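Residue numbers (this note's numbering): 1 to 440. By construction, the Cβ of each residue, glycine as well, lies at the ideal position given by its N, Cα and C atoms. Since we're looking at a predicted model, the values are computed, not measured.
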Amino acid sequence: MKITVIGTGYVGLVSGTCLADVGNDVLCLDVDAAKIRILKDGGIPIYEPGLEAMVKKNVAAGRLRFTTDIEEAVAHGVLQFIAVGTPPDEDGSADLQYVVAAARNVGKHMSGYKVVVDKSTVPVGTADKVRAAIAEELQKRGAAIDYSVVSNPEFLKEGAAVDDFMKPDRIVVGAEDARAIELMRELYAPFQRNHERLIVMDVKSAELTKYAANAMLATRISFMNELANLAEKLGADIELVRKGIGSDPRIGFHFLYPGVGYGGSCFPKDVQALIRTAADAGQHLQVLQAVEDANEAQKSVLTQKIVKRLGENLAGKTIALWGLAFKPNTDDMREAPSRVLIADLLARGATIQAYDPVATHEAQRVFGDEPRIRFAAAPMDALQGADILAIVTEWKEFRAPDFDAIKAALKTPVIFDGRNLYDPATPRKAGLEYFAIGRQ
């Protein structure tokens, strides 16, 4: 099948590459010439395990190409995937200007039947806006050309996106005409050979499904974080509580790990957008507003622990920081808890020595030339001359450190663990003070 993917960000590049990998002819469009130049030169503008090699393989095979030419891109694919950004607007709603602009470009240049697929995470009712934008452009041209608009939300986890696309647990398709549904079934047939994973529903239900999924996961995280804070006050251990409730098959263990809050490009934006969508419909989502409020508060929990131990004035103190990305296996720092912690520590006069396996370059872009932030090349390098260690991201390489070496390197042998990586007895046996989330 000939497929056009509009947008070569996280969703677009992963989707386009995986669709090419099963034999489709994919052309990826982006108006960012610098991004297309990187892709044509054999690089990728994001970090995602396994993606770079897959891009190179499919480019070499001639199944995956990149362009900035809008007219060429619209002409290429019967299927036109819109995978552009939907950043939060000032009121928390999703900004649809790029989605609508992409739809208008399809309407301006299409010469035959197209299925326009909303792959971006968009509010309920966006397909109507896309349909109207295309119709308006066709009317300007005096053209009568058939087209369909489909909602096909992505369910990709950063750090495991390639596997998620190639081995999906479900494929949601929101469509209301048989021709478009048949094309979507044909497209996704290679990804569901074992059993049927494709769920067809109306467009608005598909749009809501994506927001509902992320909101549910965010709710579990905020609930566990609030429970962890309570466990500390009551003298309970949240890790034991997690095992106790996770053993119930109605609850399960997924997304029950307390920490310093969720971040990234999805959960914060989608929770806010769903709250706004509900408000526009005259409904106040009380639970989801509490999820959002709890998460914002949780991002300051590690700061509070550090201040309680070292004092409010951190001038002259050097804080070693392990982890900058919002989660492991990505360089994404959007809404990352590390950004809140670093801002809090800098405001109190501290100096930061940070290490992250892949997000250093992104952190340098985020923080610019801030003189009180230094980036280390290895975990132990970050500890040299530091007073304490704070852990913000649960990278695998942090899971089994040399605690004796950590104690020897730190001026004040204290670890503040925002991800509960260790059994508290282990660092304490090495002579370290250890403060985690919801543990004694």
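Residue i versus residue j: straight-line alpha-carbon distance, rounded
i      : j      : result
Trp322 : Glu137 : 51 Å
Ala103 : Met110 : 11 Å
Phe66  : His284 : 43 Å
Arg63  : Gly159 : 24 Å
Trp395 : Val260 : 14 Å
Ile245 : Gln80  : 44 Å
Ser265 : Val59  : 27 Å
Gly43  : Gly235 : 51 Å
Phe375 : Tyr47  : 18 Å
Ala336 : Ala144 : 47 Å
Ala83  : Leu310 : 46 Å
Ala228 : Asn214 : 21 Å
Tyr188 : Ser93  : 31 Å
Ile306 : Glu296 : 18 Å
Ile373 : Ile388 : 15 Å
Gly7   : Cys28  : 7 Å
Asp95  : Asp41  : 31 Å
Ala20  : Tyr10  : 16 Å
Gly12  : Lys243 : 37 Å
Leu39  : Pro45  : 7 Å
Gly77  : Val117 : 11 Å
Thr209 : Asp270 : 12 Å
Glu154 : Ala405 : 43 Å
Gly449 : Pro88  : With the chain covering only 1 through 440, there is no way to say anything about residue 449.
Near the ligand GTP: residue i beta-carbon under 7 Å from a heavy atom
i     : result
Pro88 : Judged by which ligands are present, the structure shown has none, so any question about the ligand GTP falls away.
Extent of the continuous beta strand (DSSP E) run through residue i
i      : result
Leu389 : 388–391
Ile415 : 414–417
Asp118 : 114–118
For residue i, the three-state DSSP class (helix, strand or coil)
i      : result
Ala94  : strand
Gln139 : helix
Arg439 : coil
Val150 : strand
Ile145 : coil
Leu64  : strand
Ile36  : helix
Pro123 : coil
Gly16  : helix
Ile406 : helix
Phe267 : helix
Ile251 : coil
Ile171 : strand
Glu433 : strand
Ile199 : strand
Leu27  : strand
Phe191 : helix
Ile134 : helix
Gln272 : helix
Gly107 : helix
Tyr47  : coil
Residue range of the alpha helix (DSSP H) that includes residue i
i      : result
Lys2   : Unbroken run through Lys2 is the beta strand (DSSP E), 2–6; no alpha helix (DSSP H).
Gln286 : 286–298
Ile238 : 238–246
Asp381 : 379–383
Leu208 : 203–234
Leu187 : 178–188
Val162 : 161–166
Lys429 : 425–429
Whether residue i touches residue j by CB criterion (8 Å)
i      : j      : result
Phe416 : Ala390 : yes
Val14  : Leu156 : yes
Arg197 : Arg170 : yes
Ser223 : Gly263 : Looking at the sequence itself, residue 223 is Phe, so the reference to Ser does not match. For Phe223 and Gly263, no; Cβs fall outside 8 Å.
Val106 : Lys119 : no
Asn313 : Gly349 : yes
Ala206 : Gly174 : yes
Ser338 : Val301 : no
Glu362 : Asp381 : no
Output the residue ranges of the beta strand (DSSP E) runs that lie fully inside the region 303–377 and measure 3 residues or longer, sorted by chain position. As far as the region 303–377 is concerned, its whole beta strand (DSSP E) runs of at least 3 residues are 318–322, 351–355, 373–375.
4 or more residues per run - each alpha helix (DSSP H) lying fully within the region 70–94: Within the region 70–94, the runs of alpha helix (DSSP H) at least 4 residues long that lie entirely inside it are, in chain order, 70–76.
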